[in-house]
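A short worksheet on the structure shown next.
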Amino acid sequence: MRQRYFIPEQVPVFKRAYSRWIEHRKPVPNFPRIIQIQTRPGCPSRCIFCPNARTIAKIPNVTMPMELFQRIVDECLDHDVERISPYLMCEPLMDPEIGEKIAYVTRRCDQVGSKAVVKINSNGFLLDERQGRALLDSGLDRISFSVHGIVPEVYEKTMVGLKLDRVLRNIDRFLELKKAGNYEKPRVRVTMIKTRLLEPQLPEIFCYWGERGVKVNIRGLENRSNRSVHETMQQFNTRGWEKFSWCRRMFEQVYIVSTGEMLLCCVDWDRRAVMGRVGDGVSISDVWNGPVYAETRRRFLANDLEGLLCAGCRKEAIEENE
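Residue numbers for the sequence shown follow my numbering, so the first one is 7 and each next one is one higher.
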């Protein structure tokens, strides 16, 4: 069951118990549970299901200063966050210091006794031995590799600009280093988007990664609130589109790009819904509990979506148990 929320300030006191115990809603938390941080924008791939290629010119090529990154992490660890992910709308290994930044997060988690999970997603193309060792030494909890296929022709048509043989060698070497060094972490997974191109390869995909002890997660398509992506991906969608019936992102998660801007959603490649900017005396909490978020949540709960980023979101019509 998807968790739903209510805004305490907008619900009379005598109705709050009803919202909690009958409707099974929770009040919007005073601080997000999940934080994604873009330390540096960019990606070597131009995947057919991703707006990166269309929006890259709109993304400032700015590396987040270590001081700002540390300030964000420290504030998160003053609260009971569940996950910190130092990547967002990018390939995290584009940042040559990503291992050092992850190590800062895990070290601070140990210092304050936080159980927050530290996780990144990567396409694996830039995972050379230096980066691999840095990730293993960083204390990273989880890494998911986006590998959309096992047949080179299909993979390279999907993840344009990458080479499957290089990616597979990189991941194999990473697994070898992990085993040789007796590293318990990170947990390694492979993730991919289910498309018409991918579907015929699924038996071979599960066999290949199963031999390496790596689980595979398959996700349905999303149009990422971007009409051009919706139109482009229609030909690859296996089951058609439907509107999201509910979304928890604005109630649980924050997305901070390298400039310090906090976005409403991880799919806001065009920066159409900037909630505020962290830094210069402004905290995550200030923005999260500020008027822009409050009004956006109010409209979302009232189903007043016209003009909001949320109005354009679609997902593949896929069964919940898949």
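By construction, the Cβ of each residue, glycine as well, lies at the ideal position given by its N, Cα and C atoms.
Exercise. How many Å lie between residue 303 and residue 256 at the Cα?
Worked result: 7 Å
For this session: Leaving aside the five residues before and after residue 32 along the sequence, list all residues of the same chain whose C-beta is less than 6 Å from its C-beta, in chain order.
Result: 11
For this session: Decide if residue 9 is buried, meaning its Cβ has at least 16 other Cβ atoms within 10 Å, or exposed.
Result: Counting Cβ neighbours within 10 Å, residue 9 comes out exposed, since fewer than 16 surround it.
Problem set entry | Residue closest to residue 6, alpha-carbon to alpha-carbon, out of 145, 287, 196, 271 | This structure gives no information on residue 6, because the portion of the chain shown stretches from 7 to 328.
Exercise. So, using beta-carbon positions, are residue 111 and residue 92 closer together than 9 Å?
Worked result: Taking a C-beta distance under 9 Å as the contact criterion, residue 111 and residue 92 qualify as a contact pair.
For this session: Given a cut-off of 9 Å, decide if residue 145 and residue 109 are closer than it, judged by their beta-carbon atoms.
Result: yes
Problem set entry | residue 58 (DSSP reduced to helix, strand or coil) | If DSSP states are grouped into helix, strand and coil, residue 58 belongs with the helices.
For this session: State the Cα-Cα distance for the pair residue 219 and residue 151, rounded to the nearest angstrom.
Result: 14 Å
Exercise. Roughly how many whole angstroms lie between the Cα atoms of residue 306 and residue 290?
Worked result: Between the C-alpha atoms of residue 306 and residue 290 there is a straight-line separation of about 21 Å.
For this session: Give the straight-line distance between the Cα atoms of residue 207 and residue 190, rounded to the nearest whole angstrom.
Result: 30 Å
Exercise. So what does DSSP say about residue 11, is it helix, strand or coil?
Worked result: strand
Exercise. Considering only the beta carbon of each residue, do residue 133 and residue 192 sit closer than 9 Å?
Worked result: Not a contact, by the Cβ cut-off of 9 Å.
Exercise. Thinking just about the alpha-carbon of each residue, which of 308, 36, 128, 215 is nearest to the one in residue 292?
Worked result: 36
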